[in-house]
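Colleague: The listed protein sequences correspond, in order, to chains A and B. 1 is the number of the first residue of the first sequence in this note's numbering; add one for each residue after it. 370 is the number of the first residue of the second sequence in this note's numbering; add one for each residue after it. Don't be surprised by glycine CBs; every beta carbon is placed ideally from N, CA and C. Have a look at this one before I ask anything.
Number of protein chains: 2
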Amino acid sequence: MNPADFPVQNLPYGVFSVAGGPRHAGVALGDRILDLTTLGVCGGLFASGNLESLIAAGPEVWSETRHLLTETIEGGDLHDHLVPMTEAVLHLPCPIGNYVDFFSSLEHAANTGRILRPDTEPLTPNWRRLPIGYHGRARSIVIDGVPVRRPHGQRGPGDFGPTRRLDFELEVGFITGPGLSLGTPVTASAAESHIFGLVLVNDWSARDIQAWEAKPLGPFLGKSFATTISPWVVPLAALAPHRVDPPPQHPPPLPYLTPAGKSIDLHLEAAINGTVVTRTNYRHLYWTMSQQLAHATSNGANFGPGDLFASGTVSGPTPDSRGCLLEITENGQTGEYLRDGDTVTLTAWAGGDGQPRIGFGTCSGTVVA
Amino acid sequence: MNPADFPVQNLPYGVFSVAGGPRHAGVALGDRILDLTTLGVCGGLFASGNLESLIAAGPEVWSETRHLLTETIEGGDLHDHLVPMTEAVLHLPCPIGNYVDFFSSLEHAANTGRILRPDTEPLTPNWRRLPIGYHGRARSIVIDGVPVRRPHGQRGPGDFGPTRRLDFELEVGFITGPGLSLGTPVTASAAESHIFGLVLVNDWSARDIQAWEAKPLGPFLGKSFATTISPWVVPLAALAPHRVDPPPQHPPPLPYLTPAGKSIDLHLEAAINGTVVTRTNYRHLYWTMSQQLAHATSNGANFGPGDLFASGTVSGPTPDSRGCLLEITENGQTGEYLRDGDTVTLTAWAGGDGQPRIGFGTCSGTVVA
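Written as structure tokens, this is what we have:
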């Protein structure tokens, strides 16, 4: 935990408990948590000790609440409502309804295509036409710090055992607000009004299991054993000073995927046992959040409070900005996959260098046998 | 609705309301619903008007409840607690947590492989080694009778519009009970103790959208616009007299997929606008429910109350037993996909012909533009 992640300009939301007590809603503030459930300034919004009423209330209430909290923090005596973060246990910020994982990094798609299908074009013909995605297992999403068991599975024909190619994937996901019912596509221009906030996502992957199972219907057990998210949901409003144009898109996207909207200048790092193994940036992503949500609902699919839409591995254009070990090690040729006992820690921040730092805390997990 | 589906030997569970009133739990009994919430014989199990306490209670309570209901029905005066089914509105039997769809029919996999990839082996090399599956969108699961909008989407490069290849898929799914936490695989021999009951599933599919989007990560928007399930959850106990051996499996499955367990002699039909277009049987499925659940948890993935695991399209060995229009029409070559206004109705029953008929009711939906 880095207290510099959480200045008053950030105010990310989470759920915590102290000493086995009930869960309360809170915002991270330096090395403390402001207890929103005891603070009680936002009507009964946090009375139930979770974020569900806030998430379901929609963007106007998100904005009002943020303003109110900023004023309260800047003006008031918070002493009775500040909990040292070291004394708190953090929980999933909300029940994750449905989980979609995209594949929106051109560099990741191209690298994995080149490594796994060397005899074909690295990018499939659809890649530049639509933000490819698939559904992941929402139930196996866990919070920062939960150990991740090395999964068993079929590593090939007749070969069952613990995966030999356990990988992390450095991703960023957004959590949606109240949502829309079936038959109501979200326009790209309206998409961000449905985004409650962002979290870091480690989409743990067993590459041997995934490679063997995934034809023709995609990943299943190679991914479903665990997905880790960071505990603090960073509001999109906190990232407003850091919005940047996304990379140019060729061919031009279809009308329902326009306007592309903005990306975020968000520095991302992955470390194994404290050693940074990749430094990249969310701004490299080819497809934006607006395009992802517009695409995911273009067929009329519904979404709701607490649905998670993750970016897919965020890789950059340079070798030191690759977002997973499949790419970093060329599928085990130039380095090792994860070993038992390894701890993978993802971190992210925007700003810093004189500007307020908008940090995400950590998204970590240790591999156990 | 066919009253013959619901003799006292069936007792499938559902959730209903009358005239805009509150939801109650019930069992179907002929052309009536026995209101379990007002009946009150099972302690407070149905006091909340849903099936969630029952589903979460596990197999011993499922068995006790079934015995108690059978005795009550055979012995008592139920008059005040019987609601004519024509007066009731049926609702989803429980919140569907996570949704997995398998691909467990050899005939379906072989037919679709031959039709869609004519230059390759119809079955991928993994098909006979593991029950291939993927995650679907749980949030867009709807109940029998809800209209299904023809989805828009990318039908190919630069081509966005309503799908031209809207299909149904005739499937059977099982709903799990309390479940197990992360890191606890279910053995094949114990798998059925986690199955609360079965429903019919129509996994509506937009074949043009699916074909264009699905490489390399599988189906997404071609499926996520709607999945229809039947309203009555048929307990596995009701199907006990109809358990049969599954087809032989070659090569022999790996140990974690044994014993295969039993299949079900369950007749399945799909009709379009009242005309039956396919007659097949669940017993043709290559992979069993026990193998499906053992596989889905073999990597330690968790599951919980209300998770749905569907079979994939159930096709049989003959041309008139193909379970979807992709197969029946050879991808539109010998017939048409669904038109606006078409109503697809799935039905299923075991027994009959002198034995008590264990029916599933209907799983229907009308296509709207």
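Around the Cβ of Thr-65 (chain A), are there at least 16 other Cβ atoms within 10 angstroms (buried) or fewer (exposed)?
Modeller: Translated into the one-based positions of the first sequence, residue 65 (chain A) becomes position 65. Its Cβ being crowded by 16 or more others within 10 Å, Thr-65 (chain A) is buried.
Colleague: Counting only runs that start and end within the segment 615 to 668 of chain B, where is the alpha helix (DSSP H) found for 4 or more residues in a row?
Modeller: Fully enclosed alpha helix (DSSP H) runs of no fewer than 4 residues occupy 658 to 665 of the segment 615 to 668 of chain B, in order along the chain.
Colleague: Might you give, ordered along the chain, the residues of its own chain that have their beta carbon closer than 7 Å to the beta carbon of Arg-534 (chain B), omitting 5 neighbours on each side?
Modeller: Within the second sequence, residue 534 (chain B) is the residue found at index 165, counting from 1. Cβ within range, chain order: Ala-575, Arg-576, Asp-577, Gly-701 and Tyr-706.
Colleague: Could you give the distance in angstroms between the alpha-carbon of Ala-310 (chain A) and the alpha-carbon of Gly-133 (chain A)?
Modeller: Here the question's residue 310 (chain A) lines up with position 310 in the first sequence. Here the question's residue 133 (chain A) lines up with position 133 in the first sequence. Roughly 9 Å separates the two Cα atoms.
Colleague: What is the rounded straight-line gap between the Cα of Pro-241 (chain A) and the Cα of Gly-352 (chain A)?
Modeller: What you label residue 241 (chain A) is simply residue 241 of the first sequence in a count that begins at 1. What you label residue 352 (chain A) is simply residue 352 of the first sequence in a count that begins at 1. If I take the Cα positions, the gap works out to 12 Å.
Colleague: With DSSP collapsed to three states, give me the class of Glu-696 (chain B).
Modeller: Locating residue 696 (chain B) in the second sequence gives position 327, counting from the first residue. The answer is helix: DSSP assigns Glu-696 (chain B) an H, G or I state.
Colleague: Here's the rule: buried if 16 or more other CB atoms are within 10 angstroms of the residue's CB, otherwise exposed. What is Thr-455 (chain B)?
Modeller: Taking the second sequence and counting its residues from 1, the one referred to as residue 455 (chain B) is at position 86. With fewer than 16 other Cβ atoms within 10 Å, it is exposed.
Colleague: For the segment 259 to 266 of chain A against the segment 136 to 148 of chain A, do three or more pairs of beta-carbon atoms, one drawn from each stretch, fall closer than 8 Å, so that the two count as touching?
Modeller: Between the segment 259 to 266 of chain A and the segment 136 to 148 of chain A, the count of Cβ pairs shorter than 8 Å is below three; the stretches do not touch.
Colleague: Less than 7 Å separating the beta-carbons of His-91 (chain A) and Thr-38 (chain A)?
Modeller: Locating residue 91 (chain A) in the first sequence gives position 91, where the first residue counts as 1. Locating residue 38 (chain A) in the first sequence gives position 38, where the first residue counts as 1. Not in contact: His-91 (chain A) and Thr-38 (chain A) (Cβ atoms no closer than 7 Å).
Colleague: With DSSP as the reference, label Thr-112 (chain A) as helix, strand or coil.
Modeller: If you number the first sequence from 1, residue 112 (chain A) lands on position 112. In the structure shown, Thr-112 (chain A) sits in a helix (DSSP, three-state: H, G or I).
Colleague: Which residues in the same chain have their Cβ closer than 6 Å to the Cβ of Val-570 (chain B), if we skip the five residues on either side of it in sequence?
Modeller: To locate residue 570 (chain B), count along the second sequence from 1; it is residue 201. Contacts found: Glu-540, Gly-542, Ile-598 and Ala-679.
Colleague: Taking Gly-552 (chain B) as the reference, which of A:Val-146, A:Glu-192 and A:His-194 has the closest Cα?
Modeller: Reading the second sequence from its first residue, position 183 is the one you call residue 552 (chain B). It is A:Val-146.
Colleague: So Ser-298 (chain A) and Gly-522 (chain B) are in contact, right, with Cβ under 8 Å, and what is the actual spacing, rounded?
Modeller: Looking up residue 298 (chain A) in the first sequence gives position 298. Looking up residue 522 (chain B) in the second sequence gives position 153. Their Cβ separation, rounded to whole angstroms, is 6 Å, which keeps Ser-298 (chain A) and Gly-522 (chain B) in contact under 8 Å.
Colleague: Expressed to the nearest angstrom, what Euclidean distance is found between the alpha-carbon atoms of Thr-112 (chain A) and His-653 (chain B)?
Modeller: Mapped onto the first sequence, residue 112 (chain A) falls at position 112. Mapped onto the second sequence, residue 653 (chain B) falls at position 284. Roughly 38 Å between the two C-alpha positions.
Colleague: Could you give the C-beta distance for Gly-548 (chain B) and Pro-151 (chain A), rounded to a whole number, given that I count them as a contact under 8 Å?
Modeller: On the second sequence, position 179 is the one that residue 548 (chain B) refers to. On the first sequence, position 151 is the one that residue 151 (chain A) refers to. No, Gly-548 (chain B) and Pro-151 (chain A) are not in contact; Cβ-Cβ is about 18 Å, not under 8 Å.
Colleague: Phe-6 (chain A) and Gly-359 (chain A) look like a contact to me (Cβ under 8 Å); what is the Cβ gap, rounded to whole Å?
Modeller: Start at 1 with the first residue of the first sequence, and residue 6 (chain A) comes out as number 6. Start at 1 with the first residue of the first sequence, and residue 359 (chain A) comes out as number 359. Their Cβ separation, rounded to whole angstroms, is 6 Å, which keeps Phe-6 (chain A) and Gly-359 (chain A) in contact under 8 Å.
Colleague: Between the beta-carbon of Thr-682 (chain B) and the beta-carbon of Glu-538 (chain B), is there less than 7 Å?
Modeller: Against the second sequence, residue 682 (chain B) aligns to sequence position 313. Against the second sequence, residue 538 (chain B) aligns to sequence position 169. Yes, they are a contact pair.
Colleague: Between the beta-carbon of Ser-562 (chain B) and the beta-carbon of Pro-428 (chain B), is there less than 7 Å?
Modeller: Along the second sequence, one-based indexing puts residue 562 (chain B) at 193. Along the second sequence, one-based indexing puts residue 428 (chain B) at 59. Taking 7 Å as the Cβ cut-off, Ser-562 (chain B) and Pro-428 (chain B) qualify as a contacting pair.
Colleague: I want to see whether chain A comes within less than 7 Å of Gln-523 (chain B), judged by CB atoms only; does it?
Modeller: Along the second sequence, one-based indexing puts residue 523 (chain B) at 154. Yes, its Cβ sits closer than 7 Å to a Cβ of chain A.
Colleague: Hey, does His-460 (chain B) have any beta-carbon neighbour from chain A nearer than 7 Å?
Modeller: The residue you call residue 460 (chain B) lines up with position 91 of the second sequence. Taking Cβ atoms only, chain A never reaches closer than 7 Å to His-460 (chain B), which makes this a no.
Colleague: According to the neighbour-count rule (16 or more other Cβ atoms, all chains shown, within 10 Å of its Cβ), is Asn-10 (chain A) buried or exposed?
Modeller: The count along the first sequence starts at 1 and reaches residue 10 (chain A) at position 10. With 16 or more Cβ atoms within 10 Å of its Cβ, Asn-10 (chain A) is classed as buried.
Colleague: Measuring CB to CB, does Trp-212 (chain A) end up less than 7 Å from Asn-371 (chain B)?
Modeller: For the purposes of this step, residue 212 (chain A) is identified with residue 212 of the first sequence, where counting begins at 1. For the purposes of this step, residue 371 (chain B) is identified with residue 2 of the second sequence, where counting begins at 1. Cβ distance not < 7 Å, so Trp-212 (chain A) and Asn-371 (chain B) don't count as in contact.
Colleague: Helix, strand or coil, according to DSSP, for Asp-101 (chain A) in the structure here?
Modeller: The count along the first sequence starts at 1 and reaches residue 101 (chain A) at position 101. Of the three classes helix, strand and coil, the one that applies to Asp-101 (chain A) here is strand, per DSSP.
Colleague: Which of the residues in the segment 432 to 456 of chain B, read from start to end, lie with their CB under 9 Å from any CB of chain A?
Modeller: none
Colleague: Under 7 Å Cβ-Cβ, which residues of chain B neighbour Pro-235 (chain A)?
Modeller: Mapped onto the first sequence, residue 235 (chain A) falls at position 235. What Pro-235 (chain A) touches in chain B: nothing, since even the nearest Cβ is about 23 Å away.
Colleague: So what's Ala-373 (chain B) in DSSP terms, helix, strand or just coil?
Modeller: The residue given as residue 373 (chain B) occupies position 4 in the second sequence. If DSSP states are grouped into helix, strand and coil, Ala-373 (chain B) belongs with the helices.
Colleague: Return helix, strand or coil for Ser-562 (chain B), following the three-state DSSP convention.
Modeller: Along the second sequence, read from residue 1 onward, the residue named residue 562 (chain B) stands at position 193. Reduced to three states, the DSSP call for Ser-562 (chain B) is helix.
Colleague: I want to see whether chain A comes within less than 7 Å of Pro-686 (chain B), judged by CB atoms only; does it?
Modeller: Position 317 of the second sequence, counted from the first residue, corresponds to residue 686 (chain B). Taking Cβ atoms only, chain A never reaches closer than 7 Å to Pro-686 (chain B), which makes this a no.
Colleague: Can you find the residues in the same chain that come closer than 8 Å, C-beta to C-beta, to Pro-628 (chain B), ignoring five residues on each side of it along the sequence?
Modeller: Position 259 of the second sequence, counted from the start, is the residue given in the question as residue 628 (chain B). Excluding positions up to five away in sequence, the list reads Ala-557, Ser-558 and Ser-659.
Colleague: In this structure, does DSSP put Trp-573 (chain B) in helix, strand or coil?
Modeller: To locate residue 573 (chain B), count along the second sequence from 1; it is residue 204. Three-state DSSP puts Trp-573 (chain B) in coil, outside helix and strand.
Colleague: Report the rounded CA-to-CA distance for Val-226 (chain A) versus Ala-583 (chain B), giving the unit in angstroms.
Modeller: As a position in the first sequence, residue 226 (chain A) is number 226, starting the count at 1. As a position in the second sequence, residue 583 (chain B) is number 214, starting the count at 1. Reading off the sequence, residue 226 (chain A) comes out as Ala, not Val. Going by the C-alpha atoms only, they are around 23 Å apart.
Colleague: Do Ser-340 (chain B) and His-477 (chain B) have their CB atoms nearer than 7 Å?
Modeller: No answer is possible for residue 340 (chain B): the residues shown for chain B start at 370 and end at 738.
Colleague: With a threshold of 16 other CB atoms inside 10 Å of the CB of Ala-665 (chain B), please say whether the residue is buried or exposed.
Modeller: The count along the second sequence starts at 1 and reaches residue 665 (chain B) at position 296. It is buried - the Cβ of Ala-665 (chain B) has at least 16 other Cβ atoms within 10 Å.
Colleague: Taking only three categories from DSSP, how would you classify Ile-96 (chain A)?
Modeller: Within the first sequence, numbered from 1, the residue matching residue 96 (chain A) stands at position 96. Coil, per DSSP.
Colleague: Asn-739 (chain B) to Pro-462 (chain B), Cα distance in whole Å?
Modeller: Any answer about residue 739 (chain B) is impossible in this case: the structure gives chain B only from 370 up to 738.
Colleague: Within 7 Å (strictly less), CB to CB, does Tyr-134 (chain A) reach chain B?
Modeller: Position 134 of the first sequence, counting from 1, holds the residue named residue 134 (chain A). Closer than 7 Å to some Cβ of chain B, the Cβ of Tyr-134 (chain A) qualifies, so yes.
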